[in-house]
Amino acid sequence: MWLELSILTIIATFFFIIFCVNPYSTSILGKIRHFFFRRFPSILERCGEKILGRYIVGAIKAAFAYVFLRKNPIVMIVYVGITYGGIAVFLLRGVVPFLPSEQIGPVHILFCCILMISSLASFLFLVSTDPGKITRNSIKLLQKKYPYDNFLFKPTECPTCKLTKIARSKHCSLCNTCIERQDHHCIWINGCIGAKNYCYFLWFLASHAVMCIDIAFITSFVYVRIVEVYGLFSNYYYSEITKRVMTPRPGLVLQYLIRNYPDLFFVLVLCGCMSIALPLFLMYHLSLLFQNQTSNESRKTSQMKLKWTRELYEKRIDLKGADGEVRSKLQQEVKELEGNIKELEKDFYDKGVRQNVMEVLFSHCLPV
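First residue of the sequence shown? That's 1410 in the numbering used here, and the numbers climb one at a time after it.
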């Protein structure tokens, strides 16, 4: 039991580091993510070239780039297949033959079905809703809506779209357009998360998180029900390898369950991992919501703060050995950097939790 929980925790932590941790953070988790995204791929590539050759490694890199770094529906199709294929296995192989039971009643099963419908609805809303594509006609209205903070965002022109770059927007190279209050490009929906579909994204995360928790919980009781129905702890087992009859024990019963119900075990492991990773990812985005910040802005803020902090450290070292005009110039630069860091930490767009939630969720997603 503890081994399985440890494996699930490690997998969920890996997903959290990959998707939630800021790559520019100087924390331990930030350094781990930097290693996995920057150093580890280059190490893997060098080892692969020695073992497989440059041609095969180049083909693998090209395939990876096409699937993950270009706009295509492959990952979204995989998501649909795994998610709703897993739901079909859960219903047909677990719920229908073995439930309801004393532990899992009809009301609980109905609640789980509602969660499945909710997750599907959130996905359809998220995929079909415009994230907030910026057009020439919408620029004037958006300039009034999003003031420039003159730190993260300054009045410039997007070099690709040739349109005025709106504050809090970002040009997505995969979607080939600037997105209003862009958070990130989501490969699972083959599109961007922006101002107009962010509320559906939170719904998507919340419904899938609760659904995975519930399915993992019910599937574990399905296995308990299978043990009860077939009396797995009352029977003896014959090993074709050792040619011996064995008495039942937990490890042996678990092997029997995995061997005879591998599809249910896959659903249990997948939902177990996701029931840890998705709530963590949801909490990360809720923390951004309460601060009226996007993941894009969070990354840019950390990157800029790290850059200015390094410059400030270097200026203070230079200041110790300087005198005259050089010293006064360095003192002025140090003062400016300290002021910039303080202004950056204030978070220009934070208006308080209640107003942040109202602005981010309801001003974009609901008709006025």
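Just so you know, even glycine gets a beta-carbon here, dropped at the ideal spot from N, CA and C. Only a predicted model underlies this, so the values are computations on that prediction, with no experimental measurement involved.
Strand pairing of S1648, partner residues [DSSP]:
Taking the sequence shown and counting its residues from 1, one reaches residue 1648 at position 239. DSSP, once it has assigned bridges, lists R1653 as partnering S1648.
Please classify Q1591: is it buried, with 16 or more other beta-carbons within 10 angstroms of its beta-carbon, or exposed?
Translated into positions along the sequence shown, residue 1591 becomes position 182. Q1591 is buried by the Cβ-count criterion.
Taking G1490 as part of the beta strand (DSSP E), name the residues at either end of that continuous run.
Here residue 1490 corresponds to residue number 81 of the sequence shown, with the count starting at 1. First-last for G1490: I1483 to V1498, but that is the alpha helix (DSSP H), not the beta strand (DSSP E).
Can you give the Cα-Cα distance for T1565 and V1762, rounded to whole angstroms?
For the purposes of this step, residue 1565 is identified with residue 156 of the sequence shown, where counting begins at 1. For the purposes of this step, residue 1762 is identified with residue 353 of the sequence shown, where counting begins at 1. Straight-line Cα distance between these residues: approximately 30 angstroms.
So what does DSSP say about C1567, is it helix, strand or coil?
Along the sequence shown, one-based indexing puts residue 1567 at 158. Of the three classes helix, strand and coil, the one that applies to C1567 here is coil, per DSSP.
Beta-bridge pairing of I1588 - partner residues as DSSP gives them:
Translated into the one-based positions of the sequence shown, residue 1588 becomes position 179. DSSP output for I1588 lists K1542 and K1579 as bridge partner(s).
Please state the DSSP three-state secondary structure of T1703.
As a position in the sequence shown, residue 1703 is number 294, starting the count at 1. T1703 falls in the coil class under three-state DSSP.
Reduced DSSP category for K1716 - H, G, I as helix; E, B as strand; rest coil:
As a working mapping, residue 1716 is identified with position 307 in the sequence shown. DSSP places K1716 in helix when its eight states are reduced to three.
Below 7 angstroms between beta carbons: does that hold for C1581 and I1588?
In the sequence shown, residue 1581 corresponds to position 172, counting from 1. In the sequence shown, residue 1588 corresponds to position 179, counting from 1. Yes, the Cβ-Cβ distance between C1581 and I1588 is below 7 angstroms.
Rounded to whole angstroms, how far is the Cβ of N1705 from the Cβ of V1769, which I believe are closer than 8 angstroms?
In the sequence shown, residue 1705 corresponds to position 296, counting from 1. In the sequence shown, residue 1769 corresponds to position 360, counting from 1. About 14 angstroms; that fails the 8 angstroms criterion.
Apart from the five residues on each side of it in sequence, which residues of its chain come closer than 6 angstroms, Cβ to Cβ, to V1631?
Taking the sequence shown and counting its residues from 1, the one referred to as residue 1631 is at position 222. Leaving aside the five residues that flank V1631 on each side, the residues in its chain whose CB is nearer than 6 angstroms to its CB run, in chain order, G1503 and F1507.
Chain C beta carbons: is any one of them nearer than 7 angstroms to that of I1513?
As a matter of chain content, chain C is missing from the structure shown, which is built from one protein chain.
Would you report the Cα separation of I1543 and T1422, rounded to the nearest angstrom?
Here residue 1543 refers to the residue found at position 134 when the sequence shown is read from its first residue. Here residue 1422 refers to the residue found at position 13 when the sequence shown is read from its first residue. About 36 angstroms.
Can you give the Cα-Cα distance for K1579 and C1601, rounded to whole angstroms?
For the purposes of this step, residue 1579 is identified with residue 170 of the sequence shown, where counting begins at 1. For the purposes of this step, residue 1601 is identified with residue 192 of the sequence shown, where counting begins at 1. Roughly 10 angstroms separates the two Cα atoms.
Looking at H1593 and L1687, is the spacing between their C-beta atoms short of 7 angstroms?
As a position in the sequence shown, residue 1687 is number 278, starting the count at 1. As a position in the sequence shown, residue 1593 is number 184, starting the count at 1. No. Outside cutoff.
Looking at F1534 and Y1609, is the spacing between their C-beta atoms short of 7 angstroms?
Locating residue 1609 in the sequence shown gives position 200, counting from the first residue. Locating residue 1534 in the sequence shown gives position 125, counting from the first residue. In contact: Y1609 and F1534 (Cβ atoms closer than 7 angstroms).
Under 7 angstroms, do V1619 and L1500 count as touching if we go by C-beta distance?
Stepping through the sequence shown from its first residue, residue 1619 is reached at position 210. Stepping through the sequence shown from its first residue, residue 1500 is reached at position 91. When the beta-carbon positions are compared, V1619 and L1500 stay at least 7 angstroms from each other.
Do the CB positions of I1622 and S1684 come within less than 7 angstroms of each other?
By 1-based counting over the sequence shown, the position of residue 1622 is 213. By 1-based counting over the sequence shown, the position of residue 1684 is 275. In contact: I1622 and S1684 (Cβ atoms closer than 7 angstroms).
To the nearest angstrom, how far is the alpha carbon of V1516 from that of R1634?
For the purposes of this step, residue 1516 is taken as residue 107 along the sequence shown, with counting starting at 1. For the purposes of this step, residue 1634 is taken as residue 225 along the sequence shown, with counting starting at 1. Distance between the alpha carbons of V1516 and R1634 is about 17 angstroms.
Compare the C-alpha of K1709 against each of I1460, A1474 and F1560 and name the closest.
By 1-based counting over the sequence shown, the position of residue 1709 is 300. Here the closest residue by C-alpha is F1560.
Should W1612 and Y1488 be called a contact, given that it needs their Cβ atoms to be closer than 7 angstroms?
As a position in the sequence shown, residue 1612 is number 203, starting the count at 1. As a position in the sequence shown, residue 1488 is number 79, starting the count at 1. No, they are not a contact pair.
Would you mind sorting F1446 into buried or exposed? The rule is 16 or more other CB atoms within 10 Å of its CB.
Taking the sequence shown and counting its residues from 1, the one referred to as residue 1446 is at position 37. That one is exposed.
Under the rule that 16 or more other beta-carbon atoms within 10 Å means buried, what is F1473, buried or exposed?
Sequence index remark: in the sequence shown, residue 1473 carries index 64 (1-based). F1473 comes out exposed.
Suppose you measure from the CA of L1453 to the CA of I1441; what does that come to, to the nearest Å?
The residue given as residue 1453 occupies position 44 in the sequence shown. The residue given as residue 1441 occupies position 32 in the sequence shown. One C-alpha to the other measures close to 16 angstroms.
Whole-angstrom distance between C1584 and N1606, CA atom to CA atom
As a first step, residue 1606 must be located in the sequence shown, where it is residue number 197. As a first step, residue 1584 must be located in the sequence shown, where it is residue number 175. Each residue's Cα considered, the two are about 15 angstroms apart.
Using C-beta distances below 8 angstroms, list every residue in its chain close to L1663, excluding the 5 sequence neighbours before and after it, in chain order.
In the sequence shown, counting from the first residue as 1, residue 1663 sits at position 254. Around L1663: no qualifying Cβ.
Inter-residue spacing [alpha-carbon to alpha-carbon] between I1496 and I1667:
As a first step, residue 1496 must be located in the sequence shown, where it is residue number 87. As a first step, residue 1667 must be located in the sequence shown, where it is residue number 258. About 18 angstroms.
Would you identify the three-state DSSP class for I1602, choosing helix, strand or coil?
On the sequence shown, position 193 is the one that residue 1602 refers to. Annotated three-state conformation of I1602 is strand, per DSSP.
Under 7 angstroms between the Cβ atoms of K1729 and L1739?
Indexing the sequence shown from 1 puts residue 1729 at position 320. Indexing the sequence shown from 1 puts residue 1739 at position 330. No, these two residues do not count as a Cβ contact at 7 angstroms.
Which value, in whole angstroms, describes the spacing of the CA atoms of L1790 and K1571?
Lying outside 1410 to 1777, the shown extent of the chain, residue 1790 is not represented and no answer is given.
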